[in-house]
Amino acid sequence: MTSTRPLGLLACIALVMGNMIGSGVFLLPAALAPFGWNAVAGWVLTIGGALSLAWVLAALTKRLPGTGGPPEMVAAAFGPIAGFAVGWIYLVSIWTTNVAIAIAAVSYLSIFMPIIGQVPGLAAASGFALLWLLTLLNIRGAKAAGGFQILTVALKLVPLLVVFVIIILVLATQGTAPLRPFPAEGLNLPAVTASAALTLWALLGFESASACAGKVADPERTIPRATMIGTAVTGLIYLLICSGIALLLPEAVAAHSDAPFATFVARFWSPGPSYFIALFAAISAIGALNGWLLLQGEVPLAMAKAGQWPQWLAKTDGRGTPVRALIISSIIGSLLLLSNSLRGMGDLFQTMALLSTSATLWLYLCCALTALKFRLVLPVAAVGVVYSLWTLWGAGLDISGYSLLLMLVGFPLYWMARREAGAALA
21 MTSTRPLGLL
31 ACIALVMGNM
41 IGSGVFLLPA
51 ALAPFGWNAV
61 AGWVLTIGGA
71 LSLAWVLAAL
81 TKRLPGTGGP
91 PEMVAAAFGP
101 IAGFAVGWIY
111 LVSIWTTNVA
121 IAIAAVSYLS
131 IFMPIIGQVP
141 GLAAASGFAL
151 LWLLTLLNIR
161 GAKAAGGFQI
171 LTVALKLVPL
181 LVVFVIIILV
191 LATQGTAPLR
201 PFPAEGLNLP
211 AVTASAALTL
221 WALLGFESAS
231 ACAGKVADPE
241 RTIPRATMIG
251 TAVTGLIYLL
261 ICSGIALLLP
271 EAVAAHSDAP
281 FATFVARFWS
291 PGPSYFIALF
301 AAISAIGALN
311 GWLLLQGEVP
321 LAMAKAGQWP
331 QWLAKTDGRG
341 TPVRALIISS
351 IIGSLLLLSN
361 SLRGMGDLFQ
371 TMALLSTSAT
381 LWLYLCCALT
391 ALKFRLVLPV
401 AAVGVVYSLW
411 TLWGAGLDIS
421 GYSLLLMLVG
431 FPLYWMARRE
441 AGAALA
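This is the structure in structure tokens:
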């Protein structure tokens, strides 16, 4: 590791797992409650799809060393316009992800301060404050952000372990009686598809090590290992724990809970420890927000260096921190948050989660197509293409269409950057 590349294997695994294990695992049991066993099938398909896409990114990192992340990989295959399009929509997904995670953290903190959920606009204001506190931490540099990420990943595994032990004890003492019965009509494909779009939200972030390749030590070896290890471990955790909560809690209870993990612990153990779970769930979301804020600076920095964004965003401080990109991104995230300030926490979370998922899927789809063009891991890349298209459909044509429209909105920035590059050469 060096001062300009401070992220080693452990920090990269923490970044991948920390960005994946964020708000999704703690709020999704409520959103998935109506789907029952269809959600379990959705998890299995989502984990398989995520692993195939993680494999694609690992192969592309080895094939295209030295690139600044997935947008540059796509540009190498399909040209700078395609690279800009996926980089821009990925950045949009990061902004919406940050809003959703900030709301998730505030949702769990509201257990200790109920007034947050009772006063209109206070939840958004709390999320705003959290967003800027962590932005200031990231301005201190990737090394500080990486250290904070390792700490929060260690802490966020505590409630997951507690809930896993409770699930095992309930099943060991009561058998399968508490589980929601398997539907007599079997699984429902539309329900599986809809649940898969939501479950992918919880797995967004497996590309995190690739997205900040410029800060990774020995990226050709570190990024593929961190990507596959982080994705596989996180997928297994999600499958076991989220499915257990969704199937053991009554649907009406889970669906109307602002903090389903805490509700689960209170029901099957004691209300006291549920506050402990809520605290660690908030820490988990805060850690994920920290990791995504790191990316919101690195992605525009890489695009600016590639000539796809205005060059003033390529400026860094003495530690190599893209301060301008971080501040601009946090301002945009703040505007998104405040524009939805009067919506309920649950409604705002689900809307931002679906939009972020749909936006990121365009990046995943283009990375899989890039692997096909370079004839890398062909069967796996083909699975990645099919999975991405299927999940875009599952997210809803309205949300996916909106994310595609947002992709086009960014092109004035691209033409501004090209004009700037042309003037510099003149």
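Counting from 1 along the sequence shown, just add 20 to a position and that's the residue number in the numbering used here.
C-beta atoms are modelled at their ideal positions from N, C-alpha and C, and glycine is treated no differently.
Values in this document were obtained by computation on a predicted structure and should not be read as measured data.
Under the DSSP assignment, LEU357 falls in the alpha helix (DSSP H) whose first and last residues are 343 to 359.
Nearest in C-alpha terms to ILE351, of all of LEU150, SER294, GLY56, PHE132, is LEU150.
Using a 10 angstroms sphere on the CB of TRP115, the tally of other CB atoms reaches 16 or more, which defines it as buried. Per the coordinates, the alpha-carbon of ALA302 lies some 19 Å from the alpha-carbon of HIS276. If only complete runs of 4 or more residues are kept, the region 173 to 236 shows the alpha helix (DSSP H) at 209 to 223, 228 to 231, in order along the chain.
For LYS325, the enclosing alpha helix (DSSP H) covers residues 291 to 325. Rounded to the nearest whole angstrom, the C-alpha separation of SER130 and ALA124 is 10 Å. Inter-segment contact for the region 63 to 71 and the region 401 to 416 is present: three or more beta-carbon pairs are separated by less than 8 Å. For the alpha helix (DSSP H) assignment, the uninterrupted runs of no fewer than 4 residues enclosed by the region 362 to 446 are, from N- to C-terminal side, 365 to 393, 398 to 415, 417 to 429, 431 to 445. Shortest Cα-Cα distance from GLY338 to any of ILE249, ILE159, GLY147 involves ILE159. Ranked by Cα distance from LEU268, the first of ILE121, SER230, THR196 is THR196. With fewer than 16 other beta carbons inside 10 angstroms of its own, TRP332 counts as exposed. Rounded to the nearest angstrom, the Cβ distance from TRP63 to SER263 is 6 Å, consistent with a contact under 8 Å. Checking the DSSP bridge columns, you'll see LEU27 partnered with VAL236.
Approximately 23 Å separates the beta-carbon atoms of GLY225 and VAL343; this is outside 8 Å, ruling out the contact. Nearest to THR377 by alpha-carbon distance, out of ALA120, GLY292, CYS387, PRO85, is ALA120. Around the Cβ of TRP75, a 10 Å sphere holds 16 or more other Cβ atoms; the residue is buried. Shortest Cα-Cα distance from PRO198 to any of GLY206, ILE188, GLU440 involves ILE188. In terms of Cβ geometry, GLY340 and LEU175 do not form a close pair [threshold 9 Å]. Non-local C-beta neighbours of THR155 in its own chain, meaning closer than 8 Å and more than five positions away in sequence, comprise LEU313, LEU346, ILE347, SER350, ordered along the chain.
Within the same chain, Cβ atoms closer than 7 Å to the Cβ of LEU398 are found at LEU392, the five residues on either side in sequence being excluded.
Per DSSP, GLN331 lies in no alpha helix (DSSP H) segment and is marked neither H nor E. Annotation for GLY141: no alpha helix (DSSP H) segment contains it, and DSSP assigns it neither H nor E. It is roughly 8 Å from the alpha-carbon of PRO90 to the alpha-carbon of GLU227. Taking 4 residues as the minimum length, the alpha helix (DSSP H) runs contained wholly in the region 38 to 85 are 44 to 52, 57 to 83, in order along the chain. DSSP, read as helix, strand or coil, puts SER113 in helix.
GLY161 sits buried, since 16 or more C-beta atoms from the chains shown fall within 10 Å of its C-beta. Between PHE296 and THR380, the alpha-carbon positions lie close to 33 Å from each other. Looking at LEU191, LEU77, ALA252, PRO201, the one whose alpha-carbon comes closest to that of GLU240 is LEU77. Here DSSP, grouped into helix, strand and coil, assigns PHE132 to coil. In terms of CA proximity to GLN328, GLY430 leads the group GLY430, ALA282, SER113.
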